[in-house]
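So the sequences go chain by chain: A and B.
Everything in the first sequence is counted per this note's numbering, starting at 1 for the first residue and increasing by one.
Everything in the second sequence is counted per this note's numbering, starting at 1001 for the first residue and increasing by one.
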Amino acid sequence: MTDKAAQLHQDLARAWGNLPGWGGLSAVNHTSVGLRFMVTGVIFFLIGGVLAMLVRTQLARPEQELFSPDVYNQLFTMHGTVMMFLFAIPVLEGLAMYLIPKMIGARDLAYPRIGALGYFCYLFGGIILCSSMLWSIAPSSGWFMYTPLSDATFSPGRGPDFWLLGITFVEISAVSAGVELVVTILRMRAPGMSLQKMPVFCWYILAMALMILFGFPPLILASIMLELERAAGFIFFDGLRGGDPLLWQHLFWLFGHPEVYIIFLPAAGIISTMIPVFAQRPLVGYGWIVLAIITMGFISFGLWVHHMFTVGIPHLAQAFFSVASMLVAVPTGIQIFAWLATLWSGKVRFELPMLWVFGFLVIFVCGGLTGVMLALVPFDWQVHDSYFVVAHMHYVLVGGMLFPLIGGFYYWLPHFSGRMPSQTLGKWGFWLIFIGFNATFLLMHLTGLLGMPRRVYTYEAGLGWDWLNLLSSVGGFVMAIGVAVIILDFLLHFRFGTPASTNPWKADTLEWAMDTPPSPYNFASIPQITSRHPMWDQPDLPRTIAAGEGLLGRSSHDHREVLGTSASNAEIRELIRLPGNSWLPLQLAAILAVVCICLLLRAYWVALGAAVLSFVWVFRWVWVAGAHPANSMEPTDIAPATTQTWSGIGLWGMGVTLLADAALYLSLIFGWFYLWTVAPQWQFSPTSSLTAQTMFWCGLPLTLAALGHWLLTQRLRRKNDANLSAGLWGSFSLGVMHLIALIWIFFSGDLSPRNHPHHSVLVVTVGYLVLHSGLATITTGLQALRAKRGFISAQRPYEMPVLQMFWIYTAIIYWLAFVCFTFAPAAGGAM
Amino acid sequence: MKLPAEHPLHLVIGLTIWSAFFIAAYGGLSVYCSVAVEPDAGGLKNPLNLGLLALTAATSVLLGILANWCWRSAKKFPGKVSAGVYIAGLIATVGVAIPIIFLPPCV
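Rendered as structure tokens:
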């Protein structure tokens, strides 16, 4: 390495490095955050695994009563909850956050602080949720928390509250990760890496991230509604009072079924990445796989009712979902045939990660086949809520996620640590898990077919289930030993593993072009990509990147600089300065944790105070973002600074976030419409305040505020920034007028959410509207101050279109609420 | 058509149309069954089944036209995959609609 290159690495290390000691908690670097996600996820996996072993111990013999029914209920509920929410999704998100920038030739994710915030929300939410087990008040209504079992009547304890609040807290991290992964993949790929040259793993993660944005909001909404029903007496799911318990099932499974694919897609991405490497040839049918990913992402949202075949819906509706459930097997099949064709036509090297690929293929295909069986309505009726379903679910999730994940860990282990794993321990671990898993769950299909229902804490002897359960339990413990061996291997390899050579698996993707373990800046310079397989077709890349011969291979003056490129062709668009180490994410997550804990303790005034404080922190965060002087950059000849552009990553982030926001709002509209049309006891209850007339006059200043902001933005596009601050104060004033009117309407009316389900929906909707109008108004006030100080101007327009988009969204949701809640019931003759 | 066939948005439009069709079919069925006085009196020749078949036909034709246009116009990767997505939407639409021919609503 030349002196110049050494100086470059030194400069970059200073700009991108984490702070020492406790300062590491302020790290926002994607490598650190991604690794933290993965390590925390593995710890939660071990907790969930111990719970599973306790369940299997209880069921090993008939009429065994090691645990009381209530404790047993807590065990299986927390096992499912921990595995699904605290392990599967976060660990895959962590892997994606770690890998995506490295695969696309970027130095970091688009919003590093958001990633760090997501991690701390996940950590604190997980701790809060799991802490319920310490006091034996863990949720016990099953991991999908069905109503009415989980309502205040049948679950009067705090268990469901821990679940609802803890999971909602954790989901902040999932949604934030979804946003930043989408924007990073679309807007930060290395120059030349057009969509067709993008690693297939990125397609999988892009689909997963988008699915998170649409899939999680229905559950977030449902959790808020159920918590309001439990804590404040609102009516959404109580059938006797005008709600409908099936609404919970719809909202839950609108999230729950796509979640299976949210988990499967990244795992399939791992498989699609590893197979070409070990088959030593490009993936067969890249275009077909992309088509399959997109198709799977969409169709998986049309399957949710197949979890509800037994609740009494019309045969025709069941048939819709039955067909859709079978259709989703087609894109899955396309991928499996593409993998097989790649293996068939390649020269396969049977390295350790390939064991997991074969384990995955065998187990996942079996799980997929039983999935098609369950898509058949009559068969589903027979085995519903039996151990057959449990077996199917574990074949899909363990086969479809855990096996690829462990294979992926082995594959990228040299990248994490710079050392190779042990072949012996790795093989032992694989076979123990493979044999133990099949012993546990293959037999469990039979247990289910013989009629054993899931979730019973014990069973009578002589029903034909005894030996099956015993063998399943033995298999479970064999699997647990296998997991222990794998963990041991991972731990030991840091000390005893052979140092890895550069690109030890001879892979084709860009993450292997850097040193292992990687430096915090990933790439000393950004390469120009000319191929889908850069490490095969541009073998000189590691050297040229390290020598600083690519883009941005210069001193960055302690700034964290990355390139922004166009979504389709990856042409250079902008130079982005990313934030450095920051305590804001940890502080904000801690305040949100206080909100969560206070809500659990029913200390609502303290919770409200902490919630207000969290908003103060958010606005403090916003203040130092965008074109704040702290983010200034030296002029370059590569591209304009992002603050000089109109469609920077801020605008993209807002657009993608609003997709999730809109999904939540549409779920609310769906819930209202569902209760209106389906709930037997539902009735519209007129209010004196929320009339068409008052809502119209209330919406007028909102519309004018949005219009004013739009006009100012258009004027700025014409390079006219005269009186910008005054204009923004005008929009702010109109926003304040609207807010005051909205709050007055809300409090002056006769809304009675504890007595009328219609009012419950109205209160939640108005709360949603107030939140958005308030955010838009306050942020406009901040923009007025920023314009005054020159942060926003004709030369720095970056922030205006971001807020403009939010204003438009705020106006749309208001008028949609106006139409839905004033005209629609009247048109239906209900009011 | 203003959006060129290579535009990435085409990668999602086809199945978004399918999603809208699917929501309309399931939502329409649910609403119909909640308001219909004698939902199964007409057997298969009822307003819902006939309406859904018409919707299926319209959606299928639209997706077919878009698939054809995309395939013919596209010269590069995203356009060809987009054509595939339109065809996938078409297949999914027809597949989901098959039960409409055999099953009356609300039973």
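Ideal placement from N, C-alpha and C gives every residue a C-beta, glycine not left out.
Looking at the DSSP output, residue 561 (chain A) shares a beta bridge with A:577.
Less than 8 Å separates the beta-carbon of residue 757 (chain A) from that of residue 235 (chain A). Nearest to residue 450 (chain A) by C-alpha distance, out of A:530, A:488, A:36 and A:467, is A:467. Contact between residue 31 (chain A) and residue 98 (chain A) holds: their C-beta atoms lie close to 6 Å from each other, under 8 Å. In terms of Cβ geometry, residue 551 (chain A) and residue 191 (chain A) form a close pair [threshold 8 Å].
For the 8 Å CB-CB criterion, residue 255 (chain A) and residue 219 (chain A) form a contact. Scanning A:765, A:452 and A:73 for the CA closest to the CA of residue 137 (chain A) turns up A:73. Take the alpha-carbon of residue 519 (chain A) and the one of residue 634 (chain A): they are about 24 Å apart. Only 314, 315, 316, 317, 319, 320, 323 and 324 from the region 308 to 326 of chain A bring a Cβ to less than 7 Å from some Cβ of chain B. Cβ-Cβ distances below 8 Å link residue 791 (chain A) to 626, 627, 628, 629 and 799 in the same chain, with the five nearest sequence neighbours on each side left out; the list follows chain order. When the Cα atoms are used, residue 262 (chain A) and residue 89 (chain A) turn out to be separated by approximately 8 Å.
Two segments are said to touch when three or more pairs of C-beta atoms, one from each, lie closer than 8 Å; by this definition the region 192 to 207 of chain A does not touch the region 153 to 169 of chain A. Of the other Cβ atoms in all chains shown, fewer than 16 fall within 10 Å of the Cβ of residue 530 (chain A); this residue is therefore exposed. The region 262 to 278 of chain A and the region 222 to 242 of chain A do not touch, with fewer than 3 CB-CB distances between them shorter than 8 Å.
The C-beta of residue 530 (chain A) comes no closer than 8 Å to any C-beta of chain B.
As the crow flies, the alpha-carbon of residue 1107 (chain B) is around 44 Å from that of residue 1072 (chain B). Of the candidates A:134, A:689, A:411 and A:507, the residue whose Cα lies closest to the Cα of residue 78 (chain A) is A:134.
By the C-beta density criterion, residue 721 (chain A) is buried, having at least 16 other C-beta atoms within 10 angstroms.
Chain order gives no chain A residues near residue 1013 (chain B), where near means a beta carbon separation below 7 Å; the closest approach is about 11 Å.
Residue 1069 (chain B) is outside the set of residues whose beta carbon lies under 8 Å from a beta carbon in chain A. Here the C-alpha atom of residue 505 (chain A) lies approximately 51 Å from the C-alpha atom of residue 794 (chain A).
For the region 1019 to 1032 of chain B, the set of residues with a beta-carbon nearer than 7 Å to any beta-carbon of chain A comprises 1019, 1022, 1025, 1026, 1029, 1030 and 1031, in chain order. A distance below 6 Å between beta-carbons, with the five flanking residues on each side excluded, links residue 172 (chain A) to the following residues of its chain, in chain order: 121.
Per DSSP, residue 205 (chain A) has no beta bridge partner at all. The straight-line gap separating the alpha-carbon atoms of residue 1077 (chain B) and residue 766 (chain A) is approximately 46 Å. Between residue 622 (chain A) and the set A:539, A:154 and A:776, the nearest pair of CA atoms involves A:776.
Under the 8 Å criterion on CB atoms, residue 1064 (chain B) is classed as non-interfacial with respect to chain A.
Spatial neighbours of residue 429 (chain A) in its own chain (CB-CB distance under 7 Å, excluding positions within 5 residues in sequence) are listed in chain order as 482, 485, 486 and 489. Its chain contains 414, 415, 418 and 500 as the residues whose beta carbon lies nearer than 7 Å to that of residue 516 (chain A), once the 5 sequence neighbours on both sides are disregarded; these appear in chain order. Residue 814 (chain A) and residue 703 (chain A) have their C-alpha atoms roughly 9 Å apart. Residue A:180 holds the alpha-carbon nearest to the alpha-carbon of residue 113 (chain A) among A:37, A:86, A:180 and A:341. Within chain A, the C-beta atoms nearer than 7 Å to that of residue 1103 (chain B) come from 315, 316 and 319, in chain order. Distance from the CA of residue 1067 (chain B) to the CA of residue 304 (chain A), rounded to the nearest whole angstrom, comes to 27 Å. Around residue 600 (chain A), the same chain offers 158, 161, 162 and 165 as residues with beta carbons nearer than 7 Å, after the five sequence neighbours per side are excluded. For residue 1026 (chain B), the closest C-alpha among the options A:58, A:318 and A:276 is that of A:318.
When Cβ pairs closer than 8 Å are counted between the two stretches, the region 656 to 670 of chain A is seen not to touch the region 588 to 608 of chain A, the count staying below three.
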